[in-house]
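Note sheet for the following structure.
Residue numbers (the UniProt record's numbering): 1 to 332.
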């Protein structure tokens with residue numbers, strides 16, 4: 001592998017001249033730039049990114065922590081961040097946290113060690129105090145889908161409670177009085193907030209909030225299937241189901257079909273997130289829109305501004321979910 005010394009020898013210039021060309025110093029002459037670039041191309045030399053970062057005190061990378069990049073929700077988030085980063089000449093380094101405190105911590109440390117000055121962090125397992133500590137260390141760190149009061153101006157979040165409340169209230173307005181809830185079994189704030197929104201809507205409308213109406217599962221199709229099977233086994237008088245997300249709703253619909261229960265004629269279903277899957281299910285899924293692309297773009301832009309020591313603009317930090325009405329809910 002070629003070294004900077006090899007490039008200097010090939011170009012017949014000093015190592016200092018090669019360094020100036022690599023780091024785009026204004027002191028590098030046009031002739032030197034042309035000669036050195038030709039030498040680097042001939043030798044297949046690639047400048048060391050870490051070394052360049054030490055000189056310039058900056059990198060062309062932006063760090064992102066997601067739960068699981070294979071999840072389409074996080075795919076949408078990363079794509080939106082990448083659009084903003086690319087426009088600013090940045091490339092992404094991505095870490096997976098898998099809702100594990102240890103993995104989230106390791107991923108954030110790795111991104112920091114790679115000198116990412118702008119970070120967009122989706123963390124559900126780390127404590128508020130630990131995230132506040134990271135935020136103090138990295139001025140360009142922004143949290144997405146998390147609200148911590150002490151660093152609220154650097155948090156881009158969704159009102160999960162309100163979203164679940166809206167979903168449940170919509171079912172109630174359609175005449176449903178016995179409404180089940182299929183809940184995630186992940187011990188994260190989204191789970192607690194969405195379940196609380198469901199329960200609050202029932203309470204405000206003087207409807208039963210029986211624990212037997214609630215089942216838990218992994219927040220995917222398989223979890224939705226198991227939760228719905230358990231609800232059916234309990235033989236509850238349900239006419240509608242609110243779900244933690246669209247994937248659990250998909251699993252729910254599959255179980256209903258297998259058991260000859262027609263949706264929405266026999267059971268109305270409402271999801272959460274408005275992921276790509278929602279409009280391709282049968283029936284097309286009524287759900288709650290999670291504006292993750294808009295939120296991710298906002299978080300990326302904020303992280304880059306903070307990293308550049310630009311003042312943060314006073315804009316919306318808490319996003320509001322809205323209903324997307326399709327055909328999986330009918331009046332009872």
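Note that CB positions come from ideal geometry on N, CA and C, so glycine has one too. The model shown is predicted, which means the values in this text are computed figures rather than measured ones.
Can you give, in chain order, each stretch of the alpha helix (DSSP H) that sits fully within the stretch 167-252 and has at least 4 residues?
189-204, 221-233
Can you check which of these residues, 147, 324, 37, 330, is closest to residue 241 by C-alpha distance?
330
For residue 114, name the three-state secondary structure that DSSP assigns.
coil
Are the Cβ atoms of residue 220 and residue 246 separated by less than 7 Å?
no
Less than 8 Å between C-beta atoms, sequence neighbours within five positions excluded: which residues of the same chain meet that for residue 154?
135, 141, 142, 143, 302, 306, 312
If we ignore side chains and look at the alpha-carbon of each, how far apart do residue 268 and residue 328 end up?
6 Å
For residue 189, I'd like the list of residues in its chain whose CB is within less than 8 Å of its CB, leaving aside the five on either flank, ordered along the chain.
124, 146, 160
Residue 1 in three-state terms, based on DSSP:
coil
Can you tell me where the beta strand (DSSP E) holding residue 380 begins and where it ends?
Nothing about residue 380 can be read from this structure; the chain reaches only from 1 to 332.
Residue 213 and residue 183 look like a contact to me (Cβ under 8 Å); what is the Cβ gap, rounded to whole Å?
Between residue 183 and residue 213 the Cβ distance is about 10 Å, and since that is not below 8 Å, they are no contact.
Closest by C-alpha distance to residue 72, when choosing among 202, 24, 292
292
Which of the three DSSP states, helix, strand or coil, is assigned to residue 61?
strand
With H, G and I counted as helix, E and B as strand and the rest as coil, what does DSSP make of residue 91?
strand
Closest to residue 297 by C-alpha separation, out of 18, 79, 326, would be which residue?
79
Taking all protein chains shown into account, decide if residue 162 is buried (16 or more other Cβ within 10 angstroms of its Cβ) or exposed.
buried
Return the CA-CA distance between residue 257 and residue 263, expressed in angstroms with no decimal places.
8 Å
Under DSSP, the beta strand (DSSP E) around residue 336 begins and ends at which residues?
Since the first residue shown for the chain is 1 and the last is 332, residue 336 is missing from the structure and cannot be characterised.
Using DSSP with H/G/I as helix, E/B as strand and the rest coil, what is residue 75?
helix
The beta strand (DSSP E) that contains residue 288, what's its start and end?
287-289
Can you tell me whether residue 193 is buried or exposed, with buried defined as 16 or more other CB within 10 angstroms of its CB?
buried
Do you know how far the Cα of residue 278 is from the Cα of residue 122?
23 Å
State the Cα-Cα distance for the pair residue 299 and residue 255, rounded to the nearest angstrom.
38 Å
On the CB-based measure, 16 or more other CB atoms within 10 Å of its CB, does residue 318 come out buried or exposed?
exposed
Quick check: the Cα distance between residue 321 and residue 28, rounded to an integer number of angstroms?
53 Å
Do residue 281 and residue 250 have their CB atoms nearer than 7 Å?
yes
Measuring only the C-alpha atoms, how far is residue 171 from residue 218?
24 Å
Among the residues of its own chain, which have a CB less than 7 Å from the CB of residue 110, if the five just before and after it don't count?
95
For residue 273: DSSP bridge partner residues:
289
Thinking C-beta only, is residue 47 closer than 7 Å to residue 22?
yes
Should residue 1 go down as buried or exposed, given a rule of 16 or more other Cβ atoms within 10 Å for buried?
exposed
Give the straight-line distance between the Cα atoms of residue 40 and residue 6, rounded to the nearest whole angstrom.
9 Å
Please name the residue, chosen from 92, 43, 244, 271, that lies closest to residue 63 on a Cα-to-Cα basis.
92
Per-residue DSSP class, three states only, for residue 256:
helix
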